[in-house]
Amino acid sequence: MISIFDVFGVILTVFLVIVLLLLLIAVLLIFYSAKTKKVVFPGFILFVLDFLYYPLKSLTEKIGFKKGYIDMISNDMRNFVNYKALSKIPFNERILLLPQCLRKIDCPATLNSLKGFECINCGKCGVGDLISFCNQNNISVFIIPGGSFVKKIIKLTRPKAIIGVGCHIELREGSLVLDYLKIPGRGISLDKDGCIETKVNYEKIKKALLIKED
Ligand code: SF4
Numbered sequence: 000m001i002s003i004f005d006v007f008g009v010i011l012t013v014f015l016v017i018v019l020l021l022l023l024i025a026v027l028l029i030f031y032s033a034k035t036k037k038v039v040f041p042g043f044i045l046f047v048l049d050f051l052y053y054p055l056k057s058l059t060e061k062i063g064f065k066k067g068y069i070d071m072i073s074n075d076m077r078n079f080v081n082y083k084a085l086s087k088i089p090f091n092e093r094i095l096l097l098p099q100c101l102r103k104i105d106c107p108a109t110l111n112s113l114k115g116f117e118c119i120n121c122g123k124c125g126v127g128d129l130i131s132f133c134n135q136n137n138i139s140v141f142i143i144p145g146g147s148f149v150k151k152i153i154k155l156t157r158p159k160a161i162i163g164v165g166c167h168i169e170l171r172e173g174s175l176v177l178d179y180l181k182i183p184g185r186g187i188s189l190d191k192d193g194c195i196e197t198k199v200n201y202e203k204i205k206k207a208l209l210i211k212e213d
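Structure follows, in structure tokens:
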């Protein structure tokens, strides 16, 4: 007679085989995409990366991949998947979210409880110039003091698309919020993360802000 434990064992085995198969296919697709520079089935890769996020993150870090590797691939895939939707959104309905750590340590900007830090373009960091660029293109910019501010800004501005800058962890958290709200987004990773005076490629941000339909 078949016991409940036998049934449970079979279900567990089938589940594990399916998970391993999904993982294997996703890994092959990632390697193929990286080698050919042509992304194939990004939605599927993203699904597997999200589904197995924690085990994959810990496994890749244990076997020597650099920290945040899975977040980086997830971010690239999301950017790829969202590209078309983002390109259709008029500039004045997009917003740019910048982390406050991009500012200089002696930044004179003051914190507005609704809109984040208010840059006065003192010239000490690249944020002021970037804000001028956004103003010329009718894109609203917010320098946010932390992840919890994202929802506040979304509520305040009701954007149709968001371009966000941050470390891998912030980008992942932000992307989950955007997925939930069905807002197309684009994440740009910091080149040097940390808590103060972080670095980013400003040209990359400008390019992302101006993405439009061909
Ligand atoms: S340019 Fe703006 S953000 Fe940068 S240090 Fe000056 S006031 Fe702060």
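Read in order, the letters of the sequence shown correspond to residues 0 to 213 in numbering that gives the first Met the number 0. Even for Gly, the Cβ is constructed at its ideal location relative to N, Cα and C.
Is residue i near ligand 1, judged by its Cβ being under 8 Å from some heavy atom?
i: L101; result: yes
i: G42; result: no
i: C124; result: yes
i: N120; result: yes
i: G127; result: yes
i: A108; result: yes
i: F116; result: yes
i: I143; result: no
For residue i, count neighbouring C-beta atoms within 10 Å of its own C-beta (all shown protein chains included) and say buried if the count is 16 or more, exposed if not.
i: I109; result: As written in the sequence, residue 109 is Thr, which differs from the Ile given in the question. Classification for T109: exposed.
i: A33; result: exposed
i: D70; result: buried
i: I94; result: buried
i: S188; result: buried
i: E202; result: exposed
Which stretch, first to last residue, makes up the beta strand (DSSP E) that contains residue i?
i: G115; result: 115-117
i: V164; result: 160-165
i: I143; result: 139-143
i: L96; result: 93-98
Provide the residue span of the alpha helix (DSSP H) that contains residue i, from first to last.
i: F7; result: 3-35
i: N111; result: Premise fails: N111 lies in the beta strand (DSSP E), 109-111, not in any alpha helix (DSSP H).
i: F64; result: Here F64 belongs to no alpha helix (DSSP H), and DSSP marks it neither H nor E.
Quick check: is the beta carbon of residue i nearer than 9 Å to any beta carbon in chain C?
i: F46; result: Checking the listed chains, one finds no chain C in this structure; it contains a single protein chain.
At a cut of 8 Å, does the stretch 65-84 reach the stretch 159-171 through at least three beta carbon pairs?
yes
Contact between the stretch 50-70 and the stretch 118-130 is defined here as three or more beta-carbon pairs at a separation below 8 Å; is this criterion met?
no
With contact counted as at least three CB pairs below 8 Å, one residue from each stretch, are the stretch 193-212 and the stretch 92-106 in contact?
Yes: the two stretches touch, three or more of their Cβ pairs being nearer than 8 Å.
Counting pairs of beta carbons, one from the stretch 147-156 and one from the stretch 169-182, are three or more of them closer than 8 Å?
yes
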